[in-house]
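What follows is a short report on a single structure.
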Amino acid sequence: MIPLLGRGLILLALLVATVGTVVGFATGGRPSAEGSAWTRRLAFTFAGLMAAANAVMLYALLAHDFSVSYVAQVGSRSVPTWVSLVSLWSSLEGSILFWGLVLGAYIAAATWANRNSHPEYMPYATAVWLACASFFSFLLAGPAQPFNTVFPVPLDGPGPNPLLQNHVLMAIHPPFLYSGYVGMTIPFGLACAALFTGRLGHGFIRPLRTWLLVPWVFLTCAIVLGGWWAYEVLGWGGYWAWDPVENASLLPWLTATAAVHSAVLMERKGILKGWTVTLVAASFLLTILGTFMTRSGVFNSVHSFTQSAIGPTILGFLAAALIFSVALLATRVDTLAPEGRLEGATSRDGMFLLNNLLFVLLTFTVLVGTVFPLVVEAVRGVRMSVGRPYFDAMAVPIGAALLFLMGVGPALPWGRATPEQTRRVLLPPLGGAALAAAVGLLAGARSPWTVMTLAFGGYTAWVTLSEIALPLRQRMRAHNEGPLAAFVEANLRRGRRRFGAYVVHSGATLVIVAIAVSSTMGISKEFTLRTGESAGIGAYTLTFLRTEARDEPHRQSLVALVAVRRGGKDIGTMAPRMNQYERQREPVGTPDVRTFPLEDLYLSILNLDADGGTLSLHALVNPMVGWIWGATALMAFGGIVALIPRREGSVALAGAAATVVVGAAAPR
Amino acid sequence: MNRTVLGAGLALALPLLVVLFANLGRDPHAVESPLIGHAAPAFSLSPVDGGPAVSLASLRGRPVVLNFWATWCIPCIEEHAALASAAGRAGNDAQFLGIVYEDEAAQVQRFLQERGKAYPSLLDGDGKTAISYGVYGVPESYFIDAEGTIVAKFVGPLDPSTLEAHLALARGQKP
Amino acid sequence: MTRLIAALLLAVATTTSARAAETTEGVRAVVGAPRGAPITGPDLDARAKEAAALLRCPVCQGLSVADSPATMAVKMKAEVREMVAAGYDQDQVLAYFERSYGEFVRLKPPLRGVNWLVWLAPLMGLLIGGAFVAWTLRGAKAATPPAMTQVPVGVDALPEDTALVPYVLKVRELAYGWPGGVRPKVERT
Chain S
362 MIPLLGRGLI
372 LLALLVATVG
382 TVVGFATGGR
392 PSAEGSAWTR
402 RLAFTFAGLM
412 AAANAVMLYA
422 LLAHDFSVSY
432 VAQVGSRSVP
442 TWVSLVSLWS
452 SLEGSILFWG
462 LVLGAYIAAA
472 TWANRNSHPE
482 YMPYATAVWL
492 ACASFFSFLL
502 AGPAQPFNTV
512 FPVPLDGPGP
522 NPLLQNHVLM
532 AIHPPFLYSG
542 YVGMTIPFGL
552 ACAALFTGRL
562 GHGFIRPLRT
572 WLLVPWVFLT
582 CAIVLGGWWA
592 YEVLGWGGYW
602 AWDPVENASL
612 LPWLTATAAV
622 HSAVLMERKG
632 ILKGWTVTLV
642 AASFLLTILG
652 TFMTRSGVFN
662 SVHSFTQSAI
672 GPTILGFLAA
682 ALIFSVALLA
692 TRVDTLAPEG
702 RLEGATSRDG
712 MFLLNNLLFV
722 LLTFTVLVGT
732 VFPLVVEAVR
742 GVRMSVGRPY
752 FDAMAVPIGA
762 ALLFLMGVGP
772 ALPWGRATPE
782 QTRRVLLPPL
792 GGAALAAAVG
802 LLAGARSPWT
812 VMTLAFGGYT
822 AWVTLSEIAL
832 PLRQRMRAHN
842 EGPLAAFVEA
852 NLRRGRRRFG
862 AYVVHSGATL
872 VIVAIAVSST
882 MGISKEFTLR
892 TGESAGIGAY
902 TLTFLRTEAR
912 DEPHRQSLVA
922 LVAVRRGGKD
932 IGTMAPRMNQ
942 YERQREPVGT
952 PDVRTFPLED
962 LYLSILNLDA
972 DGGTLSLHAL
982 VNPMVGWIWG
992 ATALMAFGGI
1002 VALIPRREGS
1012 VALAGAAATV
1022 VVGAAAPR
Chain A
175 MNRTVLGAGL
185 ALALPLLVVL
195 FANLGRDPHA
205 VESPLIGHAA
215 PAFSLSPVDG
225 GPAVSLASLR
235 GRPVVLNFWA
245 TWCIPCIEEH
255 AALASAAGRA
265 GNDAQFLGIV
275 YEDEAAQVQR
285 FLQERGKAYP
295 SLLDGDGKTA
305 ISYGVYGVPE
315 SYFIDAEGTI
325 VAKFVGPLDP
335 STLEAHLALA
345 RGQKP
Chain V
27 MTRLIAALLL
37 AVATTTSARA
47 AETTEGVRAV
57 VGAPRGAPIT
67 GPDLDARAKE
77 AAALLRCPVC
87 QGLSVADSPA
97 TMAVKMKAEV
107 REMVAAGYDQ
117 DQVLAYFERS
127 YGEFVRLKPP
137 LRGVNWLVWL
147 APLMGLLIGG
157 AFVAWTLRGA
167 KAATPPAMTQ
177 VPVGVDALPE
187 DTALVPYVLK
197 VRELAYGWPG
207 GVRPKVERT
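Protein chains in written order, with this note's numbering: chain S, 362 to 1029; chain A, 175 to 349; chain V, 27 to 215.
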């Protein structure tokens, strides 16, 4: 019954999406109120059908209905309920079904938000969205069908991969990732609509920006959550290995960030329209490339789903989408006439352009590095690797340059600036740079890149904090308000976009500095301890107390209890473990991580001999890793603040004008 | 028609698509051995049930079949019978050797007692021999000719016909 | 697993001396004699870690031998350390493992043949992109500001409210292109 119901819902969704695509394009070519209404209805219907299909699958997973092929593949009676729930996205077919759910939700939300506006754009945009929806429905109906009937019905299933049951982040990271990935379809549709109509006016930039920022916030969180998950689960002490699938999630984030910046210039001066739509299209295309990389089995990755027949189909879609995008851009980008002019190299405008360059360069580099082993395979027939040393060598200089640009850019005024003005704004933050570098050197930083990153970070922090304080000071002076009232009025009630942007910059600065510090200033040691023996690492003393055996329904664990002392004081016990799952031959280790304000203590078992009482331990002190997670939350917060809509009309204009005058003319 | 956009777009998109299409269907986890056609790395390992060390050099003059295995490896257990019967058939014409990978002597001895031992199994304690042969996992089998050159490597469990074919290669015959 | 350590120790103990000679001979057969002198202490730790970080763990996915907790990786790390201690330099260590495992095991693509492309592509991207940005910005710099051809009479006057003066000057600077907002002496409009 359930398989039939599920298959039916998917087929209906495919039908609705296909019809909606046709109706949407037809209405775009010949606008009519009726056509727009039908396009919207079909969009909502698609969303509803996908939601229903997902609900049916969730029911099947919770009820352990093993007649459904996907449930037979990943379901199990012996796993906790939350694991049954997250099995929805733990394996290939279910993850595509989940993709459909998120896509439907986004399409419905974007259609609803714009139901009364932009009638000339929306049918085109909806048509593009539903075209993508058709593809994913096709995948579900065909190569990735999760609702096949299994007969005879098995009594139990194997459960999802044990590594995916180890941590609660399994419940959080994939939804965030899909919300980020899938969401890039929405701005893509909007950009295509702009290209089709040949206009990208001021009014349309707002929805484009909003629907770019929403998935951006999710994707930012998702990438870092993925790193955090790897850090907490995999046991090697790091959070990013430049694995092909990790890179796949980073690539669209890079172009989306560039697009968000480009959109600022587009909104202010009506320039860089071509850049912005290209970057938006690139973000979408990179998500399709990313999903191909993850699911095709072509890339050697720890994250890939098992190889399947779905690869060629996705590649076909990628090819079609690529050619469509290039053709659309080549033929229509010139219709997006600029309304202003880029002014000056040493102005904020020029810095935006430089920003675009650096982000695109980094995207290109990571893409080349990830795809290169395939190139060599095709040309020389030899398997080779492009690993961390390569990516670090490329990403570190570009990242450092971006960090510096994040400081220089906002410091410079809009438009042309005299050398005197330039000097006046660019020199004071050097104080921040010197301070940060000094702190770093005192704390023991010796690598030149780290000290430089700290200096850049200090510079950028100075500029960012000054920019946040600027409207605050102006309000305090002009309206005689106290600091708190001024802050609320200037940054939370009025200039939210500006404030949000600078909060994001603050977060990004902290993240980059934390990455630099944690990569170069950590301590890593390996010990072999007998019961009762101690060893020291950094400021900590570790004592191996004993081994404990723990039995859980789906795994048996051996836990090594290690007492930790710092500065003579007992600060608790840590419990890294080795887990034996039924399905795996090798036990899977789970590290234990204790986070302190400035650093993490990270313990991972290399070997545990319970009978002999010997523990082979890998201990790490990772400075500032906790800051990465916290600063990312700050970035997300900034993005959300920037998203809160402003009241239309005179208030907006006054706000913008006031910022311009205040920024330009403040007597210093 | 914006030529720059068209040119740049196609210059990026087409090579990418070509590379991806060309690699469909390949298994990224299968890596060919660079040792084929080269001299087999030397080793001198003790048999699992004690006795003097067996060195590869001492076996020169006969084809050698080197099988890396372990008792915890299911495919290894499956191919055990095929290897044993092939060793019996070859007799003195070829030397079969097992090299135990990441396992314990006592476990291996018990396994061989239960299932029979047709040829010696050597213990590679520190893994150096496995490393020198470029072993990724088990089972992996190397076929070495009488002069000590590796002529073939087979990854995965061997079945009788594949075994015979590779053995023929090691003997210098056409399979 | 629980008796693995004991068994390994036993195996190592009984075969060490014979093995050491064989292995060194095996290593020498592949990469020749060590190019450097034997080293010990923290220098050894640092160099061994550096070399291990450039080798890919064959049984993991993308992790380096230095980072990986897998048994095979731990053994490879030990062998790397031995080689470095004996005086082999980084190239020799990498070449030894490449001989057994293929180019796959090197995390940093060696500079040979088509591999040059992966190192040059970002550089070329930077140069092309940089040139494009420079060309775009040069076009911008050359453009003169939109100066008003007809400057109204009496516009040089400043407001009585002194608080407004800096703003007016700034507006004039933006509108007419006068540095500091003050009409330049040379201009004749």
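We put the beta carbon where it would ideally sit given N, CA and C, even for glycine.
Length of the line joining the Cα atoms of residue i and residue j
i	j	result
L697 of chain S	A691 of chain S	12 Å
G677 of chain S	F653 of chain S	10 Å
R125 of chain V	P208 of chain A	6 Å
Y307 of chain A	G599 of chain S	30 Å
R859 of chain S	P774 of chain S	15 Å
R916 of chain S	G290 of chain A	34 Å
Q434 of chain S	D426 of chain S	11 Å
T902 of chain S	V85 of chain V	33 Å
T956 of chain S	G818 of chain S	23 Å
L764 of chain S	V53 of chain V	46 Å
Span of the alpha helix (DSSP H) around residue i
i	result
T902 of chain S	Counting along the chain, T902 of chain S falls outside any alpha helix (DSSP H), though it belongs to the beta strand (DSSP E) covering Y901 to E913.
Q782 of chain S	P780 to L787
V800 of chain S	L791 to A804
Beta-carbon proximity list for residue i, same chain, < 7 Å, skipping 5 on both sides
i	result
D953 of chain S	M935, A936, P937 and L964
L626 of chain S	I632, L633, D710 and F713
Cβ-Cβ separation, residue j to residue i (assumed contact under 8 Å), whole Å
i	j	result
A851 of chain S	R838 of chain S	Actually they do not touch by this definition, with Cβ atoms about 11 Å apart.
A268 of chain A	P237 of chain A	5 Å
A1060 of chain S	G861 of chain S	The first residue shown for chain S is 362 and the last is 1029, placing residue 1060 of chain S beyond what the model contains.
Q283 of chain A	V222 of chain A	6 Å
G1000 of chain S	L574 of chain S	6 Å
G389 of chain S	P484 of chain S	4 Å
V737 of chain S	V140 of chain V	6 Å
G793 of chain S	A822 of chain S	6 Å
Proximal residues to residue i (C-beta, below 6 Å), its chain only, five neighbours per side dropped
i	result
E887 of chain S	H979
G113 of chain V	P60, G62, A63 and P64
S456 of chain S	W450
T170 of chain V	Summary for T170 of chain V: the model assigns pLDDT 47, below 50, so the residue's position carries little reliability, and this model does not support an answer.
T1038 of chain S	Since the first residue of chain S shown is 362 and the last is 1029, residue 1038 of chain S is not available in this structure.
V205 of chain A	none
A78 of chain V	V91, A92, K103 and V106
A421 of chain S	I363, V429 and V432
S977 of chain S	T889, L967 and N968
G541 of chain S	P576, F579, L580 and A583
S918 of chain S	R911, R938 and N940
Partner residues on chain A for residue i, Cβ-Cβ distance less than 7 Å
i	result
P95 of chain V	Within chain A, no residue comes near P95 of chain V; the closest Cβ sits about 14 Å away, beyond 7 Å.
Amino acids of chain S, ordered along the chain, whose beta-carbon sits closer than 9 Å to that of residue i
i	result
F195 of chain A	P673, L676 and A680
Beta strand (DSSP E) segment containing residue i, residue limits
i	result
A256 of chain A	Per DSSP, A256 of chain A belongs to no beta strand (DSSP E); it is in the alpha helix (DSSP H), I248 to A264.
P832 of chain S	Unbroken run through P832 of chain S is the alpha helix (DSSP H), P809 to H840; no beta strand (DSSP E).
K134 of chain V	Looking at the DSSP string, K134 of chain V is not in any beta strand (DSSP E), and its letter there is neither H nor E.
E887 of chain S	I884 to R891
Interface partners of residue i on chain A, CB under 9 Å
i	result
E306 of chain S	This structure leaves residue 306 of chain S out entirely; chain S is present only between 362 and 1029.
G52 of chain V	P215, A216, F217, K302, T303 and S306
Within chain S, partners of residue i - CB distance below 8 Å
i	result
S90 of chain V	G748 and R749
L125 of chain V	Note that residue 125 of chain V is Arg in the sequence shown here, rather than Leu. By Cβ distance, chain S contributes nothing, its closest Cβ being about 14 Å from R125 of chain V, past 8 Å.
Chain S residues whose Cβ lies nearer than 7 Å to that of residue i
i	result
A147 of chain V	V729
Proximal chain V residues relative to residue i, where beta-carbon distance stays under 9 Å
i	result
Y310 of chain A	P84, V85, M98 and Y127
Near the ligand GTP: residue i beta-carbon under 7 Å from a heavy atom
i	result
P780 of chain S	The model on display carries no ligand, and the ligand GTP is accordingly not part of it.
Residues near residue i in its chain [Cβ-Cβ closer than 8 Å; skip 5 each side]
i	result
L419 of chain S	L446 and L449
Proximal chain V residues relative to residue i, where beta-carbon distance stays under 7 Å
i	result
P208 of chain A	R125 and G128
V238 of chain A	Here the premise fails: no neighbours, minimum Cβ distance about 16 Å.
Where residue i meets chain V, residues with beta-carbon distance less than 8 Å
i	result
V179 of chain A	Those do not exist, as V179 of chain A stays about 13 Å from chain V at its closest Cβ, beyond 8 Å.
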